[in-house]
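*Asks:* Here this note's numbering is used: the first residue of the sequence shown is 1, the next is one more, and so on.
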Amino acid sequence: MRLSSIPAAAAALTLAACTLGSRPATFAPARSPQGVEARIALWGPRRTVTALVGELLSVTDSGLVVLSADRRVVHAHWPAQVSATFRQVPVRLTGGQAPDARARERLRLVSRFPQGLSPELTARLLASLGRDHVEELRGDHAAPAGSAAAARADAAGDSLFLAAARAGSAQYRDLDAAIADGFRLVGGDFPGMGEHWVHAGRLIAGVVDPSRPAILSYATIKGLPTLVGVAYALPLGAGDSLPTAPRNAWHAHSGSVDEASFLPRHAGHDAANSGVRIAVLHAWAWLDNPDGQFATDNPALPFARAGLSPAPASPPALRALALAHGGVPFYAVAAARASEPGDTSSRSVVRLLEDAAARVRAAVAAQPAGPPDGELATIWETLWKEIAALEPRAAPARDLGFALEQP
Numbered sequence: 001m002r003l004s005s006i007p008a009a010a011a012a013l014t015l016a017a018c019t020l021g022s023r024p025a026t027f028a029p030a031r032s033p034q035g036v037e038a039r040i041a042l043w044g045p046r047r048t049v050t051a052l053v054g055e056l057l058s059v060t061d062s063g064l065v066v067l068s069a070d071r072r073v074v075h076a077h078w079p080a081q082v083s084a085t086f087r088q089v090p091v092r093l094t095g096g097q098a099p100d101a102r103a104r105e106r107l108r109l110v111s112r113f114p115q116g117l118s119p120e121l122t123a124r125l126l127a128s129l130g131r132d133h134v135e136e137l138r139g140d141h142a143a144p145a146g147s148a149a150a151a152r153a154d155a156a157g158d159s160l161f162l163a164a165a166r167a168g169s170a171q172y173r174d175l176d177a178a179i180a181d182g183f184r185l186v187g188g189d190f191p192g193m194g195e196h197w198v199h200a201g202r203l204i205a206g207v208v209d210p211s212r213p214a215i216l217s218y219a220t221i222k223g224l225p226t227l228v229g230v231a232y233a234l235p236l237g238a239g240d241s242l243p244t245a246p247r248n249a250w251h252a253h254s255g256s257v258d259e260a261s262f263l264p265r266h267a268g269h270d271a272a273n274s275g276v277r278i279a280v281l282h283a284w285a286w287l288d289n290p291d292g293q294f295a296t297d298n299p300a301l302p303f304a305r306a307g308l309s310p311a312p313a314s315p316p317a318l319r320a321l322a323l324a325h326g327g328v329p330f331y332a333v334a335a336a337r338a339s340e341p342g343d344t345s346s347r348s349v350v351r352l353l354e355d356a357a358a359r360v361r362a363a364v365a366a367q368p369a370g371p372p373d374g375e376l377a378t379i380w381e382t383l384w385k386e387i388a389a390l391e392p393r394a395a396p397a398r399d400l401g402f403a404l405e406q407p
């Protein structure tokens, strides 16, 4: 069975079952003296951001108790936290807000002291560490939501996330290395995203670790498969909302990867928030994205495929440029899915797509200073008028790729 034929909803059902209770064989804290590692970004003086890394000791009503790397016991109150992530635990906290009851309970159960730290236990712990008090970080330096300082903190968190993504995926710039590590192609090559190469083990783990992406995105550039980005996946149960961090750019797959990839837009799409499904976040760690590094589609990708410097372009021009550089199979399949034409009609649609792709390449070659946006958009619109005359039901495929999204 091909991976691309497995419904994402079925995979999400498996993931949901797995994450109800981690297995010792796959949960590192169960197999070592170290507990769950917490990485917390904290507000410091003058709206600076500092880092706290250590073992999660307990969860209180007001924050997290952490044993830092230098053996301090720190109680980080929710307002003091810019963000927090936990190794092998699919919980991410942002904005200085207390987590919901479900996330708090999940963190409590994997902490060193799930029953909490009583005064007597705290005293014994401090004595064993040679300490005389618990450091209380209450968030006195926290920036107001929506302020410039809060925006800078968000940007700093994004930069750390992307740096970890680059470090963790650098070895996979060679596709052969990714294949050797277990990544497999799922679905086709999409105009604004490239190919999705999925690691089943990481997908099933259902953990967002920036340094261990479950999905790699490749595109053919200068004739070679080139790593352009990564993606992360989390299982969602019925009624679960999409994650909101980073950048509220998650979308949900509730059918097969192929089916979800033929949606007119992705960011914020959640399949009516019903049923088991998989939430996906793209991170463009290896190709700058003018729409934002966490946007789903990357308008710079068609330019990279064409060997051009990125420039502002309308969605129709972007689709035309993508068509001319590897996009014919995608739009041929999209037209067929929308209309289910017969063999003769399908071959005719492919010929129209190939002819339009050739016209786009000729138009770009005639203007080496930059692709002519208006001319490319005209080629695109003319193409779909020709396809509509042949097969009217194929019209929805015209608008696939590079939707105007607000991640």
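The beta-carbon is built from N, C-alpha and C at its ideal position, and this holds for glycine as well.
Model, not experiment: these values are computed from the prediction.
For I40, I'd like the list of residues in its chain whose CB is within less than 6 Å of its CB, leaving aside the five on either flank, ordered along the chain.
*Replies:* If you number the sequence shown from 1, residue 40 lands on position 40. Cβ neighbours of I40 beyond the five flanking positions: L52, A76, Q81, A84.
*Asks:* Let me know if P90 comes out buried or exposed under the rule of 16 or more other beta-carbons within 10 Å of its beta-carbon.
*Replies:* By one-based count along the sequence shown, residue 90 stands at place 90. Result: buried.
*Asks:* Quick one: what's P225 bridged to in DSSP?
*Replies:* Counting from one through the sequence shown, the residue named residue 225 turns up at place 225. Looking at the DSSP assignment, P225 forms a beta bridge with T220.
*Asks:* If I'm right that P371 touches L308 with Cβ under 8 Å, what's the distance once you round it to whole angstroms?
*Replies:* For the purposes of this step, residue 371 is taken as residue 371 along the sequence shown, with counting starting at 1. For the purposes of this step, residue 308 is taken as residue 308 along the sequence shown, with counting starting at 1. Going by Cβ atoms, the distance from P371 to L308 rounds to 7 Å, so yes, they are a contact pair.
*Asks:* In terms of residues, what are the limits of the alpha helix (DSSP H) holding R202?
*Replies:* Within the sequence shown, residue 202 is the residue found at index 202, counting from 1. Looking at the DSSP string, the run of the alpha helix (DSSP H) that includes R202 is 200–205.
*Asks:* Would you please state the rounded distance, in angstroms, between the beta carbons of A363 and L376? I believe it to be under 8 Å.
*Replies:* What you label residue 363 is simply residue 363 of the sequence shown in a count that begins at 1. What you label residue 376 is simply residue 376 of the sequence shown in a count that begins at 1. Contact holds; Cβ gap of about 6 Å.
*Asks:* Between which residues of its own chain and N289 is the CB-CB distance below 7 Å, once the five residues before and five after are set aside?
*Replies:* One-based indexing of the sequence shown puts residue 289 at position 289. Hits under 7 Å: A295, N298, A300.
*Asks:* What residues are listed by DSSP as bridge partners for R92?
*Replies:* Numbered from 1 along the sequence shown, position 92 holds the residue referred to as residue 92. Beta-bridge pairing links R92 to T85.
*Asks:* What's the call for E391, buried or exposed, on a 16-neighbour Cβ count within 10 Å?
*Replies:* As a first step, residue 391 is located in the sequence shown; it is residue number 391 there, counting from the start. Buried, since its Cβ has 16 or more Cβ neighbours within 10 Å.
*Asks:* In the DSSP assignment, find the alpha helix (DSSP H) that holds W43 and state where it starts and stops.
*Replies:* For the purposes of this step, residue 43 is identified with residue 43 of the sequence shown, where counting begins at 1. Unbroken run through W43 is the beta strand (DSSP E), 37–43; no alpha helix (DSSP H).
*Asks:* To which residues of the same chain is I387 closer than 7 Å at the C-beta, ignoring the five residues directly before and after it?
*Replies:* If you number the sequence shown from 1, residue 387 lands on position 387. Excluding sequence neighbours, I387 sits near A335, V349, L352, A394.
*Asks:* Taking the continuous beta strand (DSSP E) assigned at L52, which residues delimit it?
*Replies:* Here residue 52 refers to the residue found at position 52 when the sequence shown is read from its first residue. Element bounds for L52: 49–59.
*Asks:* Over the uninterrupted alpha helix (DSSP H) stretch that includes V328, give me the two end residues.
*Replies:* Along the sequence shown, one-based indexing puts residue 328 at 328. Its alpha helix (DSSP H) spans residues 328–339.
*Asks:* Checking 7 Å against the spacing of the C-beta atoms, do P79 and G116 come in under that value?
*Replies:* The sequence position of residue 79 within the sequence shown is 79, counting from 1. The sequence position of residue 116 within the sequence shown is 116, counting from 1. No, these two residues do not count as a Cβ contact at 7 Å.
*Asks:* If I follow the unbroken alpha helix (DSSP H) through V110, where does it start and stop?
*Replies:* Against the sequence shown, residue 110 aligns to sequence position 110. Per DSSP, V110 belongs to the alpha helix (DSSP H) from 101–110.
*Asks:* Apart from the five residues on each side of it in sequence, which residues of its chain come closer than 8 Å, Cβ to Cβ, to A389?
*Replies:* Looking up residue 389 in the sequence shown gives position 389. Counting only Cβ-Cβ distances below 8 Å, and skipping sequence neighbours, we find nothing.
*Asks:* Going by Cα to Cα distance, which pick from R102, R108, T60, A127 is closest to R72?
*Replies:* Along the sequence shown, read from residue 1 onward, the residue named residue 72 stands at position 72. Minimum Cα distance to R72 is reached at A127.
*Asks:* Just to confirm the assignment, what range does the beta strand (DSSP E) spanning A279 have?
*Replies:* Locating residue 279 in the sequence shown gives position 279, counting from the first residue. Note, A279: beta strand (DSSP E), 277–283.
*Asks:* How close, in whole Å, do the beta carbons of V360 and L321 come, if the pair is a contact with beta carbons under 8 Å?
*Replies:* Counting from one through the sequence shown, the residue named residue 360 turns up at place 360. Counting from one through the sequence shown, the residue named residue 321 turns up at place 321. Yes, they are in contact, since the Cβ atoms of V360 and L321 sit about 6 Å apart, within 8 Å.
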